[in-house]
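S.K.: Shown below is the structure under consideration.
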């Protein structure tokens, strides 16, 4: 929040400098000498806007996790419940209620507000047919230049994917078998969406994204092998194992189809 406020103030001061100072004179000296021309100053402001928006996009995972963390409590053997991210805060206390209220605003402002703001920006420049405008490319190009024109919204899909995984990590930490099952299901759904839409500009990036999602799914599957160590088999374990098996089979067939289709496309392009 502090970094975002600093960036907004920085851009605002640059604009005000040009608007009210850059074209004025003091003792007959034109102050625009400090900012040589309007074009150069506007490019500087546009680059700063792009940099701060990129920083917000990079920090989105951490913002989501921090916003969700105040809602998750751990149950202790003595019956007490403590906040998972602050072991000295008891759930239901005044301090915890204050954190929950602040987290609600954080969810609205960060988790929901940032994707909505990005969507409004993309929708406006798309409806105005100014996606290839140099100023928009400098400020907002990182949101859509990597994707096919019909998948201009895919950055929002990736942000949704990140928010879902952060929510699973924050809310289901005390039930890892459910967390892993839902996590693998979400990743498989993302791989299927990646396979059908192929949103990136080049097939190489599509392949890299699919491999990254596959590695994440395999990481979760590997983690599930350690869940029931030193534990007796139970009905819940059997159900989770069945869900994991179905998920792995679905993942396998999705990847096979992805590789076959990729090979077909490359063969068609070469011919």
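Residue numbers (the numbering used here): 3 to 273.
Glycine included, C-beta positions come from ideal geometry on N, C-alpha and C.
Since the model is a prediction, treat every value here as computed from it, not as a measurement.
What are the boundary residues of the beta strand (DSSP E) that residue 339 is part of?
M.R.: The chain is shown only over 3 to 273; residue 339 falls outside these bounds and no answer can be derived.
S.K.: In the structure shown, what three-state DSSP assignment does residue 165 receive?
M.R.: Here residue 165 sits in helix by DSSP.
S.K.: So residue 259 and residue 197 are in contact, right, with Cβ under 8 Å, and what is the actual spacing, rounded?
M.R.: 6 Å
S.K.: On the DSSP bridge assignment, give the partners of residue 122 in chain order.
M.R.: For residue 122, which the question treats as bridged, DSSP gives no partner whatsoever.
S.K.: Can you tell me the Cα-Cα spacing of residue 74 and residue 225, whole angstroms?
M.R.: When rounded, the separation of the alpha-carbon atoms in residue 74 and residue 225 is 21 Å.
S.K.: The beta strand (DSSP E) with residue 2 in it runs from where to where?
M.R.: For residue 2 there is no data in the structure shown, the boundaries of the chain being 3 and 273.
S.K.: Contact check, residue 79 vs residue 150 under 8 Å by CB: the rounded distance?
M.R.: Actually they are not in contact, since the Cβ atoms of residue 79 and residue 150 sit about 54 Å apart, beyond 8 Å.
S.K.: Nearest to residue 267 by CA position, among 218, 208, 214 and 219, is which residue?
M.R.: 208
S.K.: Considering only C-alpha positions, which residue in the set 140, 94, 119 and 215 is nearest to residue 195?
M.R.: 215
S.K.: Spatial neighbours of residue 177 within its chain, please: CB distance less than 7 Å, with the 5 preceding and 5 following residues excluded, ordered by chain position.
M.R.: Nothing listed; no residue qualifies.
S.K.: Could you tell me the boundaries of the alpha helix (DSSP H) in which residue 106 lies?
M.R.: Looking at the DSSP string, the run of the alpha helix (DSSP H) that includes residue 106 is 96-108.
S.K.: Ordered along the chain, which non-local residues of its own chain (more than five positions away) have a Cβ less than 7 Å from that of residue 180?
M.R.: These residues qualify, in order along the chain: 174.
S.K.: Put residue 90 into one of helix, strand or coil per three-state DSSP.
M.R.: Three-state DSSP puts residue 90 in a strand.
S.K.: Give the secondary structure of residue 149 by DSSP, where H, G and I count as helix, E and B as strand, and everything else as coil.
M.R.: strand
S.K.: When you compare the CB positions of residue 105 and residue 69, do they come within less than 7 Å of one another, or not?
M.R.: yes
S.K.: Taking C-beta to C-beta, are residue 148 and residue 192 nearer than 7 Å?
M.R.: No, the Cβ-Cβ distance between residue 148 and residue 192 is not below 7 Å.
S.K.: Quick one: measure Cβ to Cβ for residue 274 and residue 51, integer angstroms, because I've assumed they're closer than 8 Å.
M.R.: The structure shown does not extend to residue 274, since the chain spans only 3 to 273, so no value can be given for it.
S.K.: Rounded to whole angstroms, what is the Cα-Cα separation between residue 82 and residue 99?
M.R.: 16 Å
S.K.: Determine the extent of the alpha helix (DSSP H) in which residue 205 is found, giving its start and end residues.
M.R.: 205-226
S.K.: Quick test of your reading: residue 223 and residue 186, contact by CB under 8 Å. State the CB separation rounded to the nearest angstrom.
M.R.: 7 Å
S.K.: Determine the burial state of residue 109: buried for a count of at least 16 other Cβ atoms within 10 Å of its Cβ, exposed for fewer.
M.R.: buried
S.K.: I need the straight-line Cα distance from residue 263 to residue 206, nearest angstrom please.
M.R.: 13 Å
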